[in-house]
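Trainee:
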Amino acid sequence: MKQFTNFLLVLASLVLMFLVIWAFYLGVTFVINQFEFFDARETAIVTVSSLVVLMSSLIIATAIRSSIQKGDKKIHPMKAELYSRYVSTYDLLKNSSENFDSELIRMNRQMILWAGDDVLNEYGRLLSMLEKGDDKIYRQATNVLLEIRKDLGHNNRGVNIELISDSTISESQSG
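So this is what it looks like as structure tokens:
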């Protein structure tokens, strides 16, 4: 009985596919037959107008889809806590604290688990710069902050990394 039911489902699916293809064929032939009544100029106008409407619909649909996706982005509480912890660690760097390196290393496993891919890449660069003793650690730490902002949904358009780095350095020297 089960085989007969499966056979009927397959047969019904094939018939439905055939009907859909046949309806598509009839629709295309109808449209082509309608173009026979147009002269070349009218055909060009209808074709270009159809393309403009189609492209406009695609642009609008893409904009709506991207705005919906941005609004639905939820931030996991562990990620929020980790990023807040990084900001606190960044303050240690500003104040030239020696706990900065050890705090970053303690954060390592949590970063691997919860940070976004781009944040993790920038964080890895920061750790390797610390190992090498590179003098551009402030800039790289700020790059990690910018990637965290992107991961949280900001686009960072118009954000000046030099201004951020300079202001954080001057804050630590004045405070």
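Start counting the sequence shown at 47; every next residue gets the next number (our numbering). No residue lacks a Cβ here, since even glycine has one placed at the ideal position from N, Cα and C.
1. Buried or exposed: residue 146, going by 16 or more other Cβ atoms within 10 Å of its Cβ?
2. In terms of residue numbering, what span does the alpha helix (DSSP H) encompassing residue 69 cover?
3. Between which two residues does the alpha helix (DSSP H) containing residue 187 stretch?
4. Got a sec, what are the start and stop residues for the alpha helix (DSSP H) residue 158 sits in?
5. Counting contacts by CB-CB distance shorter than 7 Å, is residue 185 in contact with chain B?
6. Within 10 angstroms of its Cβ, does residue 169 collect 16 or more other Cβ (buried), or is it exposed?
7. On the premise that residue 150 lies in contact with residue 176, defined as a C-beta separation below 8 Å, what is that separation, rounded to the nearest angstrom?
Mentor: Judging by the given coordinates:
1. Counting the other Cβ atoms within 10 Å of the Cβ of residue 146 gives 16 or more, which makes it buried.
2. 48-81 is the extent of the alpha helix (DSSP H) around residue 69.
3. Counted as a single uninterrupted DSSP element, the alpha helix (DSSP H) harbouring residue 187 occupies residues 183-197.
4. That run of the alpha helix (DSSP H) goes 145-160.
5. Protein chain content of the structure displayed is limited to a single chain, and chain B is not contained in it.
6. Buried, because 16 or more other Cβ atoms sit within 10 Å of the Cβ of residue 169.
7. Taking the Cβ atoms as the reference, residue 176 lies roughly 7 Å from residue 150, within the contact range of under 8 Å.
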